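A.B. asks: Residue numbers (the UniProt record's numbering): 1 to 447.
Ideal Cβ positions, reconstructed from N, Cα and C, are used throughout, including at glycine.
As the structure is a computational prediction, the values presented were derived from the model and not from experiment.
So that we are looking at the same thing, I have put the structure below in structure tokens.
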């Protein structure tokens, strides 16, 4: 038996054990499994085995789900729905989704929270907090309390489906002029903290390449639309979907190669602090031009100090003193230097970096990590993300100034924005022919 074969068997066996663990404990564990399955850096056995947790986790019994619906809506299930499919169309970390039809013939998707989940999630968080404290006593360099606090905050939001419905409607408002983005309509009269009733939308996972090929939809166009959508969320609206794994984003064909992106699961959102959003726009402008002084200056504002030198590597894949063109492969010499530099970092450095980051940054890093994995699965060139983010950063920064200015100054700023965008295109230069049609984002829907 070959070494590669042994590695495959060990990884597959371990992945199956992890899947059983996640399905037995649900909640936090399924959420962690979803995240792992979305990372291209882990062995493929984990990705293929755990990817079912994105929308095909082990569901709850129908009778238990029926009780939750009737208790929350105060009526017999068959009095509410003309039809209700007992078998869920999706099951994930905190809920499962059933297809139904209202008495007026409207087709709906009904998201139902697993019974007793809130209590179990609180116990999971207490357990993780306790373990984290014990680990930090034995290994003082491991300090992840801040991450746990952020996780606790997001989970309390995700367990309230009325908050998810509000997030959904706000996202609809943000992208009302974008004909590619589709957010299911919410039926408020059939929505509570534990039950969410939405318009039923058809589609396939965003990274389903077989489906995209059969539908004659370009994976690169899907990748571009996706990253521009999230670029607008981050840099312009400052209201960010925090869980963009493939099960939460569907591609719905519209014929002749056209498509819609259906955005699901609006439970985890982060409203970015306005100053953080503007500083993050400035950071990306500095990253594109590799303005070292500005990057280090913004690092001080973000509170990361000496670790700011890693921002170009984290976000654009090049070092702060790189000579490589943006979006191209770094040289062998740079790779060697990066390895040496990263090997010199201890766990204390990593913990200090994570602790010093503003809470908004943690959400950005997670969201960006998931998006990069999807783009990789779609086979999109690296420059698609860089161009979209840089473009949105320019418009996000200049638009805020425009809102705070008079009519004449607005015209001046509009010209300045166009010049900044042209400057960006010149900086990226050798990538232009790959992505010739980048259009300005819709900034008229800013609050």
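In whole angstroms, give me the CA-to-CA distance for residue 173 and residue 128.
C.D. replies: As a first step, residue 173 is located in the chain shown; it is residue number 173 there, counting from the start. As a first step, residue 128 is located in the chain shown; it is residue number 128 there, counting from the start. C-alpha separation (whole angstroms): 37 Å.
A.B. asks: Looking only at its own chain, which residues have a Cβ that is under 7 Å from the Cβ of residue 301, when we skip the five neighbours before and after it?
C.D. replies: Here residue 301 corresponds to residue number 301 of the chain shown, with the count starting at 1. Cβ within range, chain order: 279.
A.B. asks: By the three-class DSSP mapping on this structure, what secondary structure does residue 6 have?
C.D. replies: For the purposes of this step, residue 6 is taken as residue 6 along the chain shown, with counting starting at 1. Helix.
A.B. asks: Count the other CB atoms, across all protein chains shown, that sit within 10 Å of the CB of residue 54; report buried if there are 16 or more and exposed otherwise.
C.D. replies: Here residue 54 is taken as the residue at index 54 of the chain shown, counted from 1. Label assigned to residue 54: buried.
A.B. asks: For the beta strand (DSSP E) containing residue 75, name the first residue and the last one.
C.D. replies: By one-based count along the chain shown, residue 75 stands at place 75. It is not in any beta strand (DSSP E) - residue 75 carries neither H nor E in the DSSP assignment.
A.B. asks: What is the residue span of the alpha helix (DSSP H) that residue 202 lies within?
C.D. replies: Walking along the chain shown from the start, residue 202 turns up at place 202. Here residue 202 belongs to no alpha helix (DSSP H), and DSSP marks it neither H nor E.
A.B. asks: In chain order, what are the residue ranges of uninterrupted beta strand (DSSP E) at least 3 long that sit wholly in the segment 274-361?
C.D. replies: Taking 3 residues as the shortest admissible run, the segment 274-361 contains no complete beta strand (DSSP E) segment at all.
A.B. asks: For the alpha helix (DSSP H) that contains residue 129, what are its first and last residues?
C.D. replies: Within the chain shown, residue 129 is the residue found at index 129, counting from 1. Segment 117-138, the alpha helix (DSSP H) holding residue 129.
A.B. asks: Could you tell me which uninterrupted alpha helix (DSSP H) segments, each at least 4 residues in length, are contained entirely in the segment 168-224, listed from first to last along the chain?
C.D. replies: 209-214
A.B. asks: Looking at the secondary structure, which residues open and close the alpha helix (DSSP H) in which residue 240 lies?
C.D. replies: Against the chain shown, residue 240 aligns to sequence position 240. Where residue 240 is concerned, there is no enclosing alpha helix (DSSP H), although the beta strand (DSSP E) it sits in stretches over 239-241.
A.B. asks: For residue 445 and residue 273, I'd like the C-alpha separation in whole angstroms.
C.D. replies: As a first step, residue 445 is located in the chain shown; it is residue number 445 there, counting from the start. As a first step, residue 273 is located in the chain shown; it is residue number 273 there, counting from the start. Per-residue confidence for residue 445 stands at a pLDDT of 43, beneath the threshold of 50, marking its modelled position as unreliable; the derived number appears in the next sentence. Whole-angstrom Cα-Cα distance: 18 Å.
A.B. asks: With DSSP collapsed to three states, give me the class of residue 44.
C.D. replies: Translated into positions along the chain shown, residue 44 becomes position 44. Residue 44: helix per DSSP, three-state reduction.
A.B. asks: Would you grab the beta carbon distance between residue 282 and residue 298 for me? Rounded to a whole angstrom, and I think it's under 8 Å.
C.D. replies: Within the chain shown, numbered from 1, the residue matching residue 282 stands at position 282. Within the chain shown, numbered from 1, the residue matching residue 298 stands at position 298. Going by Cβ atoms, the distance from residue 282 to residue 298 rounds to 6 Å, so yes, they are a contact pair.
A.B. asks: Any idea if residue 348 is buried or exposed, counting beta-carbon neighbours within 10 angstroms, 16 or more meaning buried?
C.D. replies: Within the chain shown, residue 348 is the residue found at index 348, counting from 1. Exposed, because fewer than 16 other Cβ atoms sit within 10 Å of the Cβ of residue 348.
A.B. asks: Using a Cβ-Cβ cutoff of less than 6 Å, which residues in the same chain neighbour residue 114 once the five nearest sequence positions on both sides are dropped?
C.D. replies: As a first step, residue 114 is located in the chain shown; it is residue number 114 there, counting from the start. The residues are 60.
A.B. asks: How about residue 338 and residue 313: do their beta carbons lie closer than 8 Å?
C.D. replies: By 1-based counting over the chain shown, the position of residue 338 is 338. By 1-based counting over the chain shown, the position of residue 313 is 313. Yes, the pair counts as a contact, with Cβ atoms nearer than the cut-off.
A.B. asks: Identify the continuous alpha helix (DSSP H) that holds residue 31 and give its terminal residues.
C.D. replies: The residue given as residue 31 occupies position 31 in the chain shown. Here the alpha helix (DSSP H) through residue 31 covers 28-37.
A.B. asks: By Cβ distance below 7 Å, which residues in the same chain neighbour residue 102 in space, the five residues on each side in sequence not counted?
C.D. replies: Residue 102 sits at position 102 when you count from the first residue of the chain shown. Closer than 7 Å at Cβ, skipping near neighbours: 81, 82, 108.
A.B. asks: Per DSSP, what kind of secondary structure is residue 24 in: helix, strand or coil?
C.D. replies: For the purposes of this step, residue 24 is taken as the residue at position 24 of the chain shown. Three-state result, residue 24: helix.
A.B. asks: Quick check on residue 272: does DSSP put it in helix, strand or coil?
C.D. replies: Stepping through the chain shown from its first residue, residue 272 is reached at position 272. It is coil, neither helix nor strand.
A.B. asks: Am I right that residue 271 and residue 230 are in contact with their C-beta atoms under 8 Å? What's the rounded C-beta distance?
C.D. replies: Translated into the one-based positions of the chain shown, residue 271 becomes position 271. Translated into the one-based positions of the chain shown, residue 230 becomes position 230. In fact, because the Cβ distance is near 15 Å, the residues do not count as touching under 8 Å.
A.B. asks: If we ignore side chains and look at the alpha-carbon of each, how far apart do residue 390 and residue 357 end up?
C.D. replies: Locating residue 390 in the chain shown gives position 390, where the first residue counts as 1. Locating residue 357 in the chain shown gives position 357, where the first residue counts as 1. So the alpha carbons of these two residues sit roughly 21 Å apart.
A.B. asks: So the candidates are 223, 252, 247, 79; which of them puts its Cα closest to the Cα of residue 182?
C.D. replies: As a position in the chain shown, residue 182 is number 182, starting the count at 1. Out of 223, 252, 247, 79, 252 has the C-alpha closest to the C-alpha of residue 182.
A.B. asks: Do the segment 214-230 and the segment 373-393 meet, that is, are 3 or more Cβ pairs less than 8 Å apart?
C.D. replies: yes
A.B. asks: Could you tell me if residue 237 is buried or exposed, where buried requires 16 or more neighbouring beta carbons within 10 angstroms of its beta carbon?
C.D. replies: The count along the chain shown starts at 1 and reaches residue 237 at position 237. It counts as buried.
A.B. asks: Could you check if residue 30 is buried or exposed, using at least 16 other CB atoms within 10 Å of its CB as the buried criterion?
C.D. replies: For the purposes of this step, residue 30 is identified with residue 30 of the chain shown, where counting begins at 1. The residue is buried, with at least 16 neighbouring Cβ atoms inside 10 Å.
A.B. asks: I'd like to know if the segment 244-251 and the segment 196-214 are in contact, where contact means that at least 3 CB-CB pairs between them fall below 8 Å.
C.D. replies: yes
A.B. asks: Just to confirm the assignment: which complete beta strand (DSSP E) runs, minimum length 3, are found wholly within the segment 239-263?
C.D. replies: 239-241, 249-255, 258-263
A.B. asks: Can you look up residue 380 in the DSSP assignment and give me helix, strand or coil?
C.D. replies: Start at 1 with the first residue of the chain shown, and residue 380 comes out as number 380. It is coil, neither helix nor strand.
A.B. asks: In whole angstroms, what separates the C-alpha of residue 47 from that of residue 370?
C.D. replies: Taking the first residue of the chain shown as position 1, residue 47 is located at position 47. Taking the first residue of the chain shown as position 1, residue 370 is located at position 370. Rounded to whole angstroms, residue 47 to residue 370 spans 13 Å at the Cα level.
A.B. asks: Can you tell me whether residue 86 is helix, strand or coil according to DSSP?
C.D. replies: On the chain shown, residue 86 is found 86 positions in, with the first residue counted as 1. Three-state result, residue 86: coil.
A.B. asks: For residue 186 and residue 168, which I take to be in contact (beta-carbon distance under 8 Å), what is that distance rounded to the nearest angstrom?
C.D. replies: The residue you call residue 186 lines up with position 186 of the chain shown. The residue you call residue 168 lines up with position 168 of the chain shown. Contact holds; Cβ gap of about 6 Å.
A.B. asks: Let me know the secondary structure DSSP gives residue 266 once reduced to three states.
C.D. replies: Position 266 of the chain shown, counting from 1, holds the residue named residue 266. Three-state result, residue 266: coil.
A.B. asks: Tell me whether residue 159 sits in a helix, a strand or coil according to DSSP, three-state version.
C.D. replies: Looking up residue 159 in the chain shown gives position 159. If DSSP states are grouped into helix, strand and coil, residue 159 belongs with coil.
A.B. asks: Go ahead and label residue 95 buried or exposed: buried means 16 or more other beta carbons lie within 10 angstroms of its beta carbon, across all protein chains shown.
C.D. replies: The count along the chain shown starts at 1 and reaches residue 95 at position 95. With 16 or more other Cβ atoms within 10 Å, it is buried.
A.B. asks: What span of residues does the beta strand (DSSP E) with residue 96 cover, start to end?
C.D. replies: Indexing the chain shown from 1 puts residue 96 at position 96. Its beta strand (DSSP E) spans residues 95-102.
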